[in-house]
Amino acid sequence: MNYTEDGQEKKTVYLEPDIEDSVRRAELLLAGVESGARDAVWAALRRAGEHGLTVGMKIVSEEYAIGQNELKRRTRTIRRVKKGASGGCEVTFGYSGHVIPLLRFDTQIGSDGRIYARVLRSNVRELISNAFAARVKGQHTGVFVRKGDRRYPIHELFGPSAVAAFYEHEETVDKMEAEVQSSFEKRIDHEITRILNGWGGR
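As structure tokens, this is what we get:
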């Protein structure tokens with residue numbers, strides 16, 4: 001079924017797109033502008049990160065029974081640009097995300113209250129024994145199971161995070177790295193020009 005009861009589980013994937021030459025070019029061209037290189041790299045990374053995430057979500061949503069918008073909403077882009085020991089920009093880039101409530105996947109609640117769900121599109125919905133849908137006070141509605149015969153404790157069921165799905169296939173991460181690199185290289189020249197010309201827009 002590919003689900004977990006650990007709602008705090010979080011995954012992070014760091015990408016290593018080959019953007020060193022583009023970063024150095026920004027540093028050279030914007031050497032006379034205070035924080036110019038950092039601002040240009042940051043802005044280009046933001047656009048590249050959005051593009052890479054879209055590419056990754058498309059791949060994941062083709063395999064997992066969940067929409068791209070839901071995946072995106074629950075995934076955070078990590079981008080840090082700081083001054084390194086050598087004086088140049090050091091870039092850290094990646095994505096992180098928590099597991100996603102099972103109810104957000106292809107889940108059906110029968111008229112009798114029984115829960116049927118699937119996480120992978122290649123599977124069929126399966127009955128989850130002892131599961132029920134409920135809204136816990138102060139939280140969202142989810143799919144829960146009881147441990148033992150007592151009413152409590154109960155545990156919510158979750159599917160994987162988008163980031164965990166990235167890890168499932170190395171080629172997905174490779175594809176995302178390539179797309180981030182391509183998008184960054186296209187965008188960095190625009191950002192350099194924008195800063196040199198004093199344009200305020202992005």
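The numbers in UniProt numbering rise by one with no breaks, and the one at position 76 of the sequence shown is 76.
Idealized CB from N, CA, C, for every residue including glycine.
Quick caveat: nothing in here was measured; it's all calculated off a predicted structure.
C-alpha distance - residue i paired with residue j, whole-angstrom precision
i: residue 186; j: residue 108; result: 44 Å
i: residue 55; j: residue 179; result: 8 Å
i: residue 191; j: residue 60; result: 30 Å
i: residue 13; j: residue 130; result: 34 Å
i: residue 26; j: residue 79; result: 17 Å
i: residue 137; j: residue 31; result: 55 Å
i: residue 62; j: residue 119; result: 11 Å
i: residue 151; j: residue 144; result: 11 Å
i: residue 158; j: residue 102; result: 4 Å
i: residue 40; j: residue 189; result: 9 Å
i: residue 11; j: residue 170; result: 15 Å
i: residue 173; j: residue 149; result: 43 Å
i: residue 70; j: residue 198; result: 37 Å
i: residue 182; j: residue 139; result: 40 Å
Three-state secondary structure (DSSP) of residue i
i: residue 56; result: helix
i: residue 10; result: strand
i: residue 19; result: coil
i: residue 157; result: coil
i: residue 184; result: helix
i: residue 189; result: helix
i: residue 109; result: strand
i: residue 142; result: strand
i: residue 64; result: strand
i: residue 147; result: coil
Residue(s) in a DSSP beta bridge with residue i
i: residue 96; result: 12, 76
i: residue 116; result: 108, 127
i: residue 136; result: BP columns for residue 136 are empty, so no partner.
i: residue 90; result: 82
Chain-order list of residues whose beta-carbon lies under 6 Å from that of residue i (same chain, five-residue window excluded)
i: residue 116; result: 108, 125, 127
i: residue 92; result: 80
i: residue 52; result: 176, 179, 180
i: residue 82; result: 90
7 Å CB neighbourhood of residue i in its chain, flanking five on each side removed
i: residue 135; result: 141
i: residue 184; result: 17, 19, 22, 44, 45, 48
i: residue 113; result: 132
Contacting residues, own chain, Cβ-Cβ under 8 Å from residue i (five flanking each side not counted)
i: residue 67; result: 61
i: residue 105; result: 64, 65, 66, 117, 118, 119, 159
* Asked: With contact counted as at least three CB pairs below 8 Å, one residue from each stretch, are the stretch 97 to 107 and the stretch 157 to 176 in contact?
  -> yes
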